[in-house]
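Notes for the one structure printed next.
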Amino acid sequence: MQAFGKVAVLMGGFSSEREVSLDSGAAIVAALKSKGIDAHPFDPKETPLEQLKAQGFQTAFNILHGTYGEDGTIQGALELLGIPYTGSGVMASAVGMDKYRCKLIWQAVGLPVPEFAVLREYSDFDEVERRLGLPMFVKPAAEGSSVGVVKVKEAGRLKAVYEELKHFHGEIIAERFIGGGEYSCPVINGEGYPSIRIIPTTEFYDYEAKYNRNDTVYQCPSDLNEADEQQMRLLAVQGAEAVGAAGVSRVDFLKDTDGKLYLLEINTLPGMTSHSLVPKSAAETGLSFADLCVEILKTAHVG
Ligand SMILES: Nc1ncnc2c1ncn2[C@@H]1O[C@H](COP(=O)(O)OP(=O)(O)O)[C@@H](O)[C@H]1O
Ligand SMILES: [Mg+2]
Numbered sequence: 083m084q085a086f087g088k089v090a091v092l093m094g095g096f097s098s099e100r101e102v103s104l105d106s107g108a109a110i111v112a113a114l115k116s117k118g119i120d121a122h123p124f125d126p127k128e129t130p131l132e133q134l135k136a137q138g139f140q141t142a143f144n145i146l147h148g149t150y151g152e153d154g155t156i157q158g159a160l161e162l163l164g165i166p167y168t169g170s171g172v173m174a175s176a177v178g179m180d181k182y183r184c185k186l187i188w189q190a191v192g193l194p195v196p197e198f199a200v201l202r203e204y205s206d207f208d209e210v211e212r213r214l215g216l217p218m219f220v221k222p223a224a225e226g227s228s229v230g231v232v233k234v235k236e237a238g239r240l241k242a243v244y245e246e247l248k249h250f251h252g253e254i255i256a257e258r259f260i261g262g263g264e265y266s267c268p269v270i271n272g273e274g275y276p277s278i279r280i281i282p283t284t285e286f287y288d289y290e291a292k293y294n295r296n297d298t299v300y301q302c303p304s305d306l307n308e309a310d311e312q313q314m315r316l317l318a319v320q321g322a323e324a325v326g327a328a329g330v331s332r333v334d335f336l337k338d339t340d341g342k343l344y345l346l347e348i349n350t351l352p353g354m355t356s357h358s359l360v361p362k363s364a365a366e367t368g369l370s371f372a373d374l375c376v377e378i379l380k381t382a383h384v385g
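Counting from 83, one number per residue, gives the positions in the sequence shown under this note's numbering.
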């Protein structure tokens, strides 16, 4: 397939999610090659990004997670270099990394988000506690992997939790507890894909459950009835559209005990290892991992 030319799979990078990215990247290089595409690994930590041109790369498949990967910075650099890249652009990437501003946008377009409050030094913590109720979740807006996420259960603890978390970059937000189940729904090229139910064996889907345990259950197809499934896919598409996400993204959801669905966060650069959620969901529709990679590559763009 000549249309893409020499393809750089951008992987590894500088963030704490480097290892996951290398895993995803290796799977993508192999998949693209199996489709006859001239794909090569490219790690910006080892080779400066400006070398892409000198090395003859014409297209970039971005699978760098976290800082300098899915936050808009690498996207800006690729824009300047004029190299078409997969996935979201500068703005959607930056918004997707900021839970607070993402929620503001979703709220503004009428999408359901758990009630929340931004915590500041001068907040009325008692008022926030009364309004959101207990338990509630408090978290840094700019982290991921459940880092800094705290479930607050005791009355009068909120201020102390804020003090513990305020060193994190960006805002600290408090959220109403939504306790009826956790889901994730991929959006691929503007289309909602089968949802996945996530059932952690820990109290919530914390760092342990994400990376250090192998007993978290991922159900795809999930347990939603047909109407809720269609509703979730529509909300996921609308959530991605609202922030301007492109290519592949994954919108995470919480379901309340009364069945109502809430958007939790968007991931504009979801993992693509063989056991990641997006490939699992795509496979449900008959889309193989290799075909999925080609579909993503087709959306490479600049400008
Ligand atoms: N409002 C909430 N209600 C119930 N559980 C929550 C809430 N917010 C976060 N959680 C739990 O904490 C986990 C991590 O929170 P999340 O906002 O997704 O941050 P991260 O970006 O670190 O994944 C979620 O997957 C969920 O298990
Ligand atoms: Mg999350």
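The beta carbon of each residue, even a glycine, is placed where N, CA and C say it ideally should be.
- A142 has its alpha-carbon roughly 14 Å from the corresponding atom of P130.
- Cα atoms of I348 and V333: separation of roughly 4 Å, rounded to the nearest angstrom.
- Taking 8 Å as the cut-off, the C-beta of K221 counts as close to a heavy atom of ligand 1.
- A residue is listed when its beta-carbon falls short of 7 Å from at least one non-hydrogen atom of ligand 1; in chain order these are K181, P196, F219, K221, E225, G226, S227, S228, V229, V231, E257, R258, F259, I260, G261, E264, P282, F286, Y287, D288, D334, L336, L346 and E347.
- Between the stretch 180-189 and the stretch 217-225, the count of Cβ pairs shorter than 8 Å is three or higher; the stretches touch.
- Under the Cβ criterion (8 Å, minimum of three pairs), the stretch 284-292 does not count as touching the stretch 364-375.
- In this structure V172 is not in contact with G148, their Cβ atoms being roughly 16 Å apart against a cut-off of 8 Å.
- By the CB criterion at 9 Å, G169 and E99 fall outside the cutoff.
- A contact is defined here as three or more CB-CB pairs under 8 Å, and the stretch 297-309 fails this definition with respect to the stretch 321-329.
- Judged by DSSP secondary structure, F335 falls within the beta strand (DSSP E) whose first and last residues are V330 to K337.
- For the pair R295 and T283, the Cα-to-Cα distance works out to about 9 Å.
- Under the 8 Å Cβ criterion, the stretch 359-370 counts as touching the stretch 266-275, having at least three qualifying pairs.
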